[in-house]
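A.B. asks: I am attaching a structure below and will ask some questions about it afterwards.
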Amino acid sequence: MKKVLFVTSEAHPLIKTGGLADVSGSLPRALAELGQEMRLLLPNYQALESKEPVRYLCRIDLDGVTVEILESRLPDSEVSVWLVDYPEYFGKPGNPYLDAQGKPWIDSAERFTLFCRTAVEIAMGRSELDWQADIVHCNDWQSGLVPALLSIEDNPPATVFTIHNMAYQGLFPRSKFVSLNLPPQLWNPDGLEFYDMLSFIKGGIAYADRITTVSPTYALEIQTPEFGCGLEGLLSHRREDLIGIINGIDQDYWNPETDEYIPQQYKSTTLKKKSLNKASLQRRFALPVDEEIPVIALISRLVQQKGIDLVIDSLPHLATMPLQFIVLGSGDKSYERRLENLARLYPGKIAISLGYNEKLSHLIEAGADIFFMPSRFEPCGLNQMYSQRYGTVPIVRRTGGLADTVVDSLPHSIEEQSATGIVFNEPAADSLLEATKRAILLFQDKRSWKTIQQTGMHRDFSWQNSAVQYLKIYQQLRPAASTAQSKTETPASA
Ligand code: ADP
């Protein structure tokens with residue numbers, strides 16, 4: 000049994016902006032079920048939604064400031080959540096990364112440095128918590144300084160750093176390195192320096208004992224210039240310590256048999272009932288209620304990564320086809336405007352709901368026939384797995400976790416009942432259109448369609464599978480040892 004401090008900037012259902020929250024809400028729980036002693040460390044954001052009681056545990060002094068540690072619990076689990084309470088940073092309206100006006104926090108570097116320093120004190124057993132970590136499992140740039148700071152401690156715990164998205168790196172001007180009073184020995188090209196900038200993510204990639212990312216394909220992709228965001232050299236240098244583990248999903252929360260957010264529950268043997276959800280979805284979006292017309296849906300952050308421009312470029316053509324198209328999302332204002340315009344231009348065909356709406360996302364998964372995920376890159380992606388569970392056939396681009404979790408529908412794969420979606424290669428509107436035409440032809444072939452739906456619904460995307468792979472990594476790691484230094488002996492590309 001290992002004592003694991005799981006350091007993360009978001010965790011569902013306490014606070015969520017994206018897939019990282021889903022992972023942080025599920026993986027520690029699954030690892031606890033495998034016998035590990037898990038502690039989740041999270042900032043005590045004002046926006047945190049905790050129905051669990053919160054109690055004061057202790058104070059920790061750091062470099063002139065004092066934070067309080069509060070304790071809560073991951074709902075419906077035995078996993079303790081330790082909250083870093085520092086109202087000056089975290090007690091303000093906004094989300095973990097953006098202020099109430101939607102602008103990145105001006106003091107992001109300060110906020111997450113404080114968070115990382117707190118993690119180090121707890122991990123080293125220097126707090127009054129009477130607890131010392133065997134392993135510190137960090138996630139994304141917000142906790143990237145932890146492996147770096149631990150590397151200069153005597154006898155530190157082992158570290159794992161999970162990359163959920165290489166595109167977010169936590170880059171700040173060099174002056175921040177100085178004003179944050181970070182240890183000078185960490186400033187070098189094999190350390191936190193990235194082209195004269197301070198890089199939080201490099202703290203994780205250069206110093207952690209093991210690096211994981213959220214799908215095997217993405218683990219390979221990030222070692223190439225196209226996906227490595229300038230860190231491909233370092234990642235490739237560390238490839239022996241880099242492994243891709245596909246995320247699981249919360250199969251209780253995303254279960255059409257028990258989903259309380261949908262009007263009609265159903266399963267693979269009662270797929271006919273899905274049409275009631277479809278009708279409800281069509282009404283909700285003021286679209287003609289018609290069982291025969293395929294409903295295509297997209298739920299996403301509206302950003303370039305997700306291939307929203309491909310969707311927008313395809314929509315005028317798609318609107319001439321017999322289908323309905325539904326979007327739920329928010330993000331880039333220009334995408335939002337263009338999608339709203341298209342919805343105005345094609346009423347009864349294209350409908351959009353701007354904003355974040357968890358409940359509606361369940362109705363969409365349950366009611367749609369086809370789900371769009373034409374991402375330019377996708378470390379893992381979750382909605383393609385939710386879609387398969389709900390018998391909603393995903394159309395995905397062959398990248399990252401999408402390539403690892405969706406099996407293309409070709410005559411032989413349909414025949415041998417392994418097909419679960421439509422996969423296309425090029426990040427281009429034409430390719431997306433082609434894929435959509437393929438999907439619509441298949442939709443009309445009721446027998447094949449049902450086979451594809453049922454194959455997807457029977458797949459096991461549980462966290463247990465993934466958690467076992469993380470556990471193997473934990474077990475391979477040395478017990479507290481003195482070897483942790485920068486793992487990059489030769490100069491990396493950055
Ligand atoms: P990413 O983390 O890159 O945004 P993922 O597919 O890994 O992408 O996870 C996104 C998660 O956020 C999914 O659970 C998805 O359903 C959810 N989501 C994204 N946008 C919305 C929205 N507007 N309303 C509800 N849920 C959303």
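Heads up: the sequence shown is residues 0 to 493, going by numbering that gives the first Met the number 0.
Positions of the beta carbon are idealized from the N, C-alpha and C atoms, including for glycine.
All figures in this text were calculated on a predicted structure; none of them were measured in a lab.
1. How close, in whole Å, do the beta carbons of F160 and P172 come, if the pair is a contact with beta carbons under 8 Å?
2. Do L359 and the ligand ADP come close, with the Cβ less than 8 Å from some heavy atom?
3. Where does the unbroken alpha helix (DSSP H) through Y469 begin, and where does it stop?
4. Count the C-beta pairs between the segment 33-48 and the segment 89-104 that are closer than 8 Å, then say yes if the count reaches three, no if not.
5. Decide if I204 is buried, meaning its Cβ has at least 16 other Cβ atoms within 10 Å, or exposed.
6. Taking K102 as the reference, give the member of M372, G330, C379 with the closest Cα.
7. Report the three-state DSSP secondary structure of R458 (helix, strand or coil).
8. Measure the Cβ-Cβ separation of P293 and P262 and say whether it is below 9 Å.
9. Using a Cβ-Cβ cut-off of 6 Å (strictly less than) and excluding sequence neighbours within five positions of K2, which residues of its own chain qualify?
10. Report yes or no: is there a C-beta of chain B within less than 9 Å of the C-beta of F442?
11. Going straight from the alpha carbon of L353 to that of Y385, what length do you get?
12. Does the beta-carbon of N138 have 16 or more other beta-carbons within 10 angstroms, so that it is buried, or is it exposed?
13. Look at the alpha carbon of T158 and the alpha carbon of T257, and state the distance between them as a whole number of angstroms.
14. What is the rounded straight-line gap between the Cα of T223 and the Cα of Y469?
15. With a threshold of 16 other CB atoms inside 10 Å of the CB of M165, please say whether the residue is buried or exposed.
16. Do the segment 344-351 and the segment 373-388 meet, that is, are 3 or more Cβ pairs less than 8 Å apart?
17. Please list, in chain order, all residues of the same chain as S481 whose beta carbon is under 6 Å from its beta carbon, the five residues on each side excluded.
18. Please state the DSSP three-state secondary structure of K102.
19. Is S279 closer than 9 Å to L362 when the C-beta atoms are compared?
20. Considering Cα atoms alone, identify which of L440, V395, S417, S461 is closest to S430.
21. Taking the runs of the alpha helix (DSSP H) that are 4 residues or longer, which of them lie wholly in the segment 313-346?
22. Only counting the same chain, and skipping five residues up and downstream in sequence, which positions put a Cβ closer than 8 Å to that of E48?
23. Once the 5 residues before and after P182 are set aside, which same chain residues still bring their CB inside 8 Å of it?
24. Taking the straight line between their C-alpha atoms, what separation do you get for G63 and G124?
25. Within 10 angstroms of the Cβ of Q323, are there 16 or more other Cβ atoms? Answer buried if so, exposed if not.
26. Verify the contact flag: I298, CB atom, against every heavy atom of the ligand ADP, threshold strictly below 8 Å.
27. According to DSSP, is L241 helix, strand or coil?
28. By DSSP's criteria, I59 is part of a beta bridge. Which residues make up the other side?
29. Within 8 Å: the Cβ of G202 and any heavy atom of the ligand ADP?
30. For the ligand ADP, any of its heavy atoms closer than 8 Å to the Cβ of S329?
31. Nearest to L113 by CA position, among S126, D60, K91, V80, is which residue?
32. What residue does the beta strand (DSSP E) around T16 start on, and which one ends it?
33. Kindly indicate which three-state DSSP category H136 falls into: helix, strand or coil?
34. Taking only runs of the beta strand (DSSP E) that begin and end inside the segment 347-413, which ones reach a length of at least 3 residues, in chain order?
35. So is S313 buried or exposed if we call it buried at 16+ other beta carbons inside 10 Å?
36. Fully enclosed by the segment 192-233, which beta strand (DSSP E) runs are 3 residues long or longer?
C.D. replies: Well, looking at it:
1. Counted from its first residue, the sequence shown places residue 160 at position 161. Counted from its first residue, the sequence shown places residue 172 at position 173. About 23 Å separates the beta carbons of F160 and P172, which is beyond the 8 Å limit, so they are not a contact pair.
2. On the sequence shown, residue 359 is found 360 positions in, with the first residue counted as 1. Yes, the Cβ of L359 comes within 8 Å of a heavy atom of the ligand ADP.
3. On the sequence shown, residue 469 is found 470 positions in, with the first residue counted as 1. Note, Y469: alpha helix (DSSP H), 462-475.
4. yes
5. Here residue 204 refers to the residue found at position 205 of the sequence shown. Buried is the call here.
6. Here the question's residue 102 lines up with position 103 in the sequence shown. Considering only alpha carbons, the answer is G330.
7. Numbered from its first residue, the sequence shown carries residue 458 at position 459. If DSSP states are grouped into helix, strand and coil, R458 belongs with coil.
8. Here residue 293 refers to the residue found at position 294 of the sequence shown. Here residue 262 refers to the residue found at position 263 of the sequence shown. Taking C-beta atoms as the reference points, P293 and P262 fail to come closer than 9 Å.
9. Within the sequence shown, the letter at position 3 stands for residue 2. Excluding positions up to five away in sequence, the list reads E36, A132, D133.
10. Judged by its chain identifiers, the structure shown contains no chain B, having just a single protein chain.
11. Within the sequence shown, residue 353 is the residue found at index 354, counting from 1. Within the sequence shown, residue 385 is the residue found at index 386, counting from 1. Their backbone Cα atoms lie some 20 Å apart in a straight line.
12. Taking the sequence shown and counting its residues from 1, the one referred to as residue 138 is at position 139. So N138 counts as buried.
13. One-based indexing of the sequence shown puts residue 158 at position 159. One-based indexing of the sequence shown puts residue 257 at position 258. Looking at the two C-alpha atoms, the distance is approximately 38 Å.
14. One-based indexing of the sequence shown puts residue 223 at position 224. One-based indexing of the sequence shown puts residue 469 at position 470. Between T223 and Y469, the C-alpha separation is close to 24 Å.
15. Within the sequence shown, residue 165 is the residue found at index 166, counting from 1. Buried, since its Cβ has 16 or more Cβ neighbours within 10 Å.
16. no
17. Taking the first residue of the sequence shown as 1, we reach residue 481 at position 482. Residue placement at S481 cannot be trusted, given a pLDDT of 41 that sits under 50; the coordinates are not used to answer.
18. As a first step, residue 102 is located in the sequence shown; it is residue number 103 there, counting from the start. Of the three classes helix, strand and coil, the one that applies to K102 here is coil, per DSSP.
19. Taking the sequence shown and counting its residues from 1, the one referred to as residue 362 is at position 363. Taking the sequence shown and counting its residues from 1, the one referred to as residue 279 is at position 280. Yes; because the gap between Cβ atoms is below 9 Å, this pair is in contact.
20. In the sequence shown, residue 430 corresponds to position 431, counting from 1. Comparing Cα-Cα distances from S430 to each of L440, V395, S417, S461, the minimum goes to V395.
21. If we require 4 residues or more, the alpha helix (DSSP H) runs fully inside the segment 313-346 come out as 332-344.
22. Translated into positions along the sequence shown, residue 48 becomes position 49. So the qualifying residues of the chain are P12, L13, I14.
23. Here residue 182 is taken as the residue at index 183 of the sequence shown, counted from 1. Around P182: L148, I151.
24. As a first step, residue 63 is located in the sequence shown; it is residue number 64 there, counting from the start. As a first step, residue 124 is located in the sequence shown; it is residue number 125 there, counting from the start. Rounded to the nearest angstrom, the two C-alpha atoms are 19 Å apart.
25. In the sequence shown, residue 323 corresponds to position 324, counting from 1. So Q323 ends up on the buried side.
26. Within the sequence shown, residue 298 is the residue found at index 299, counting from 1. Yes, the ligand ADP has a heavy atom inside 8 Å of this Cβ.
27. Walking along the sequence shown from the start, residue 241 turns up at place 242. Three-state DSSP puts L241 in a strand.
28. Within the sequence shown, the letter at position 60 stands for residue 59. Partner(s): V66.
29. Reading the sequence shown from its first residue, position 203 is the one you call residue 202. No, the beta carbon of G202 sits no closer than 8 Å to any heavy atom of the ligand ADP.
30. Your numbering for residue 329 matches position 330 in the sequence shown. True, at least one ligand heavy atom lies under 8 Å from that Cβ.
31. As a first step, residue 113 is located in the sequence shown; it is residue number 114 there, counting from the start. The option with the nearest alpha carbon to L113 is D60.
32. Numbered from 1 along the sequence shown, position 17 holds the residue referred to as residue 16. Segment: none, T16 is in no beta strand (DSSP E) and carries neither H nor E.
33. If you number the sequence shown from 1, residue 136 lands on position 137. In the three-state DSSP reduction, H136 falls in the strand class (E or B).
34. 349-353, 369-372, 392-396
35. Indexing the sequence shown from 1 puts residue 313 at position 314. Buried: at least 16 other Cβ atoms inside 10 Å.
36. 196-198, 209-212
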